[in-house]
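Chains as they are written, first to last, in this note's numbering: chain A, 3 to 116; chain B, 127 to 239.
C-beta atoms are modelled at their ideal positions from N, C-alpha and C, and glycine is treated no differently.
Note that the structure is a prediction, hence the values are computed from the model and not measured.
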Amino acid sequence: DSGVTQTPKHLITATGQRVTLRCSPRSGDLSVYWYQQSLDQGLQFLIQYYNGEERAKGNILERFSAQQFPDLHSELNLSSLELGDSALYFCASSVAIGATDTQYFGPGTRLTVL
Amino acid sequence: GDSVTQMEGPVTLSEEAFLTINCTYTATGYPSLFWYVQYPGEGLQLLLKATKADDKGSNKGFEATYRKETTSFHLEKGSVQVSDSAVYFCALSFNQAGTALIFGKGTTLSVSS
Numbered sequence: 003d004s005g006v007t008q009t010p011k012h013l014i015t016a017t018g019q020r021v022t023l024r025c026s027p028r029s030g031d032l033s034v035y036w037y038q039q040s041l042d043q044g045l046q047f048l049i050q051y052y053n054g055e056e057r058a059k060g061n062i063l064e065r066f067s068a069q070q071f072p073d074l075h076s077e078l079n080l081s082s083l084e085l086g087d088s089a090l091y092f093c094a095s096s097v098a099i100g101a102t103d104t105q106y107f108g109p110g111t112r113l114t115v116l
Numbered sequence: 127g128d129s130v131t132q133m134e135g136p137v138t139l140s141e142e143a144f145l146t147i148n149c150t151y152t153a154t155g156y157p158s159l160f161w162y163v164q165y166p167g168e169g170l171q172l173l174l175k176a177t178k179a180d181d182k183g184s185n186k187g188f189e190a191t192y193r194k195e196t197t198s199f200h201l202e203k204g205s206v207q208v209s210d211s212a213v214y215f216c217a218l219s220f221n222q223a224g225t226a227l228i229f230g231k232g233t234t235l236s237v238s239s
C-alpha cells in the first residue's frame, strides 16, 4: 500500500459526459502528479500540482483540468469525453517539487467511455 | 525531446533464469534514471533509481547502472522468481520544477516455474 488513495476504482460513462477523479496523497506529500496509461500511448504525464499551485503541464488536453485543494487532495476533471479517453488514470505524490523525488503511485482509476 | 526506449516484450523466462531488460535514453542534460514496476492490478512502485553517471541502483536483487557513455540503464537480476512477473518501466526526470517523469513503453516479464 503506497498510502495514495484514488476514487473511484472504476468508472463507466458515455461519450460527451464529464467525470471527476479524486486523489488523496500520502500524508506529508505536497506534490501531486496525474498520469494517463493507455495501450497505444503508454504512460503519459498530464499535470503536476505542488501545495495547491500548478507547477508542470504535460500532454493534457484542453478538455481536462485539475486542481489541488487546501487539504492537498486533488481532482482531475475530464469533460466532453471521447472513446479515446478510456484509460487508466494514476495519481502519484511526492514530498518535494522536483521530479527526481520518489513518486508514490495510487492504484489508479480505470475509465471506460462507451 | 527527452525520451526513453525499452526493449519490447513480453519477456518470458523460467524461474532462476538471468534477466536483462534494456533501457536507453535521450536527454538534454543529466537526468536521474528510474525503474518502476507494476504488478497486475496495482499502481507503479519505485524499484530502484540512480541520480548520476556510474551510480548503481539496487533493490530486491535487481540492479541497474547509469551509463552516460552509452546512455543506458539496463535492468538485471541474477535469478528471477515467479513473483517477479510484472510490467517494468524505465523512466527519467530532471531535478527541477516544471518537469515530470518520462516513461518508456514498459516491458512485460512473465516467469514460469
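Open item on the list: As a quick exercise: from G100/A, G54/A, F92/A, pick the residue whose alpha carbon is nearest that of G167/B.
Closed with: When only C-alpha atoms are compared, the closest one is F92/A.
TODO: Mind checking who L170/B pairs with in its DSSP beta bridge?
DONE: DSSP output for L170/B lists Q164/B as bridge partner(s).
- [ ] Assign S208/B to one of three DSSP states: helix, strand, or coil.
- [x] This sequence places Val at residue 208/B; Ser is not what is there. V208/B falls in the helix class under three-state DSSP.
Task: Residues bridged to Y214/B (per DSSP) - done: Beta-bridge pairing links Y214/B to V163/B, T233/B.
Open item on the list: In the DSSP output, which residue or residues are listed as bridge partners for G44/A?
Closed with: DSSP lists S40/A as partners of G44/A.
Task: Cβ shell of H75/A (< 6 Å), same chain only, five flanking positions each side left out - done: Same-chain partners within the cutoff: S26.
Task: Contact between the region 163-183 of chain B and the region 93-108 of chain A (3+ Cβ pairs under 8 Å) - done: By the Cβ test, the region 163-183 of chain B is in contact with the region 93-108 of chain A, since at least three Cβ pairs between them sit closer than 8 Å.
Task: Inside the region 44-84 of chain A only - beta strand (DSSP E) runs reaching at least 3 residues - done: Here the runs fully enclosed are 44-52, 55-59, 66-70, 76-80.
Open item on the list: Quick check: the Cα distance between E56/A and A176/B, rounded to an integer number of angstroms?
Closed with: Taking the straight line from one Cα to the other gives about 27 Å.
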